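Asker:
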Amino acid sequence: MTADEREIVICGLDGVLALIEHRLHHLHNETGERDWDAFHAACGDDMPNLPLIQRLNQARAAGTPVILLSGRSMGVRAQTERWLRDWRIEHDALWLRPERDRRPALAFKTEVIERHYAGRRIRRVYESAHHLDVARWHAQQGTPCTLFGPNQGNGATREQFELKTIRHACEHVMLYPFYGDDDYAWEDRCGQLAEGTCLLCQAEEAGAERARQAAAARLAAQARGLPPLEGSERQIAWAEGVRLSAFGGLDKVNAWVVRVDAQAEAEDPDHWRTVKQGIARAADYLAAQTEARWWIDHRHGISNSLDGGRALVNAVAEQEGYF
Numbered sequence: 001m002t003a004d005e006r007e008i009v010i011c012g013l014d015g016v017l018a019l020i021e022h023r024l025h026h027l028h029n030e031t032g033e034r035d036w037d038a039f040h041a042a043c044g045d046d047m048p049n050l051p052l053i054q055r056l057n058q059a060r061a062a063g064t065p066v067i068l069l070s071g072r073s074m075g076v077r078a079q080t081e082r083w084l085r086d087w088r089i090e091h092d093a094l095w096l097r098p099e100r101d102r103r104p105a106l107a108f109k110t111e112v113i114e115r116h117y118a119g120r121r122i123r124r125v126y127e128s129a130h131h132l133d134v135a136r137w138h139a140q141q142g143t144p145c146t147l148f149g150p151n152q153g154n155g156a157t158r159e160q161f162e163l164k165t166i167r168h169a170c171e172h173v174m175l176y177p178f179y180g181d182d183d184y185a186w187e188d189r190c191g192q193l194a195e196g197t198c199l200l201c202q203a204e205e206a207g208a209e210r211a212r213q214a215a216a217a218r219l220a221a222q223a224r225g226l227p228p229l230e231g232s233e234r235q236i237a238w239a240e241g242v243r244l245s246a247f248g249g250l251d252k253v254n255a256w257v258v259r260v261d262a263q264a265e266a267e268d269p270d271h272w273r274t275v276k277q278g279i280a281r282a283a284d285y286l287a288a289q290t291e292a293r294w295w296i297d298h299r300h301g302i303s304n305s306l307d308g309g310r311a312l313v314n315a316v317a318e319q320e321g322y323f
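Sequential numbering from 1 applies to the sequence shown in UniProt numbering.
1. When DSSP labels each residue in this structure, what does residue 17 get in the three-state scheme?
2. Indicate the three-state DSSP secondary structure (helix, strand or coil) for residue 11 in the structure shown.
3. Would residue 96 pass as a contact of residue 70 if the rule is Cβ separation under 8 Å?
4. Candidates 273, 279, 7: which alpha carbon is nearest residue 59's?
5. Measuring straight from C-alpha to C-alpha, what distance separates residue 244 and residue 321?
6. So, with DSSP's three-state summary, where would you put residue 259?
7. Which residue wins for smallest C-alpha separation from residue 9, given the options 143, 220, 76?
8. Hey, could you find the ends of the beta strand (DSSP E) residue 126 is sitting in?
9. Just list the alpha helix (DSSP H) runs in the region 179-232, keeping only unbroken ones of 4 residues or longer that don't cross its boundaries, in chain order.
10. In this structure, does DSSP put residue 144 in helix, strand or coil?
11. Considering just the uninterrupted stretch of the beta strand (DSSP E) at residue 166, what are its terminal residues?
12. For residue 164, which of 154, 157, 170, 176 has the nearest alpha-carbon?
13. For the candidate residues 27, 279, 169, 179, whose alpha-carbon lies nearest to that of residue 314?
14. Alpha helix (DSSP H) containing residue 36: first to last residue?
15. I need the straight-line Cα distance from residue 12 to residue 249, nearest angstrom please.
16. Are residue 148 and residue 162 closer than 8 Å when you measure CB to CB?
17. Measure the alpha-carbon distance for residue 220 versus residue 273 and round it to whole angstroms.
18. Would you call the region 186-196 and the region 164-174 touching, i.e. three or more CB-CB distances under 8 Å?
19. Can you give me the C-alpha to C-alpha distance between residue 292 and residue 213, rounded to a whole angstrom?
20. Within 10 angstroms of its Cβ, does residue 196 collect 16 or more other Cβ (buried), or is it exposed?
21. I'd like the ranges of any alpha helix (DSSP H) spanning at least 4 consecutive residues and lying wholly in the region 280-321.
22. Does DSSP classify residue 1 as helix, strand or coil?
23. Tell me the DSSP secondary structure of residue 44 in three-state form.
Okay, structure coming up:
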């Protein structure tokens, strides 16, 4: 029986066909900077997911078109095509993100599917756990989606490679590449993975917890009489917690003022009044910051502690010239 000509398979590249652990340091490092150009430029040295390549080539040989859809930059199309040829990865289309397209992968991928493959039945999507939002979107469309997790070996060598199927405690199934020189520990790691929930469920649980924390922060802000924040839903949820920590630090500064007030007033009343006025003006300034983006951009150093509160007041007072 030949495959339905309208049926297709969609597969990602980074973290799916191409194993990318060796270049993740360009995105996750001590500086916190993400060098996307360097990350994409190193794609030619990716390790191939050979079991998946074999599966895709078999599907295509049986008549099912294979569509490669990646958020990888169009700027490395030549390297990508060379890598696909080198590893004999047969495909019918290769979609890469335009170089100046800074949208999330979800926006780019869904646009390609809806614009070019609307009405086509998708047999299966192979996606990376780095793009859980894409996997969630496919699940909402009723499309079977197989998620690939990150390498579970130590990556010290590429000579030993296995692709293991893990059924998690949540009953969801994920595929994990294992490569490195510690294969004696792989079965133990499989057991650990199976005891926990899958990455998609973990993300949903974490999202629910963030939503609970954001709701609690909103209620606390309302109780303080603070104005509502402005921005996207995601920005506001993030910024509410930052703002709550900032005002928690201010509470501790004000409690310290009460403790030392009499002594400080006696030692240097003019200076002490200037300090208290500066603290009050800094608090008013912070209360007036209603842009969620402002709180996100200034989150570093903010903490619900006396030292954090002092540092924040000093930074605002110095910036605004209060002292």
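The C-beta atom is built at its ideal place from N, Cα and C for all residues, glycine as well.
If you're wondering where the values come from, they're calculated on a predicted model, not measured in any experiment.
Answerer: The answer reads as follows:
1. Per DSSP, reduced to three states, the secondary structure at residue 17 is coil, with no helix or strand assignment.
2. Taken through DSSP and simplified to helix, strand or coil, residue 11 comes out as strand.
3. Yes; because the gap between Cβ atoms is below 8 Å, this pair is in contact.
4. Closest by alpha carbon: 7.
5. Rounded to the nearest angstrom, the two C-alpha atoms are 24 Å apart.
6. Residue 259: helix per DSSP, three-state reduction.
7. Per the Cα distances, 143.
8. Where residue 126 is concerned, the enclosing beta strand (DSSP E) stretches over 121-128.
9. Complete alpha helix (DSSP H) runs here, min 4: 186-195, 199-224.
10. In the structure shown, residue 144 sits in coil (DSSP, three-state: anything other than H, G, I, E or B).
11. From DSSP, the beta strand (DSSP E) with residue 166 extends over 161-167.
12. Measuring from the Cα of residue 164, the nearest candidate turns out to be 176.
13. Nearest of 27, 279, 169, 179 to residue 314, Cα basis: 279.
14. DSSP places residue 36 in the uninterrupted alpha helix (DSSP H) bounded by 36-41.
15. Approximately 45 Å, taken between the alpha carbons.
16. Taking 8 Å as the cut-off, the Cβ atoms of residue 148 and residue 162 do not count as close.
17. Approximately 29 Å, taken between the alpha carbons.
18. Enough Cβ pairs lie closer than 8 Å, so yes.
19. Rounded to the nearest angstrom, the two C-alpha atoms are 16 Å apart.
20. By the Cβ neighbour-count rule, residue 196 is exposed, with fewer than 16 other Cβ atoms within 10 Å of its own.
21. Those alpha helix (DSSP H) runs which fall completely within the region 280-321 and span 4+ residues are 292-297, 306-320.
22. With a pLDDT of 44 at residue 1, under the threshold of 50, the predicted position of this residue should be treated as unreliable, though the coordinate-derived value follows. Note: residue 1 maps to coil in three-state DSSP.
23. Residue 44 falls in the helix class under three-state DSSP.
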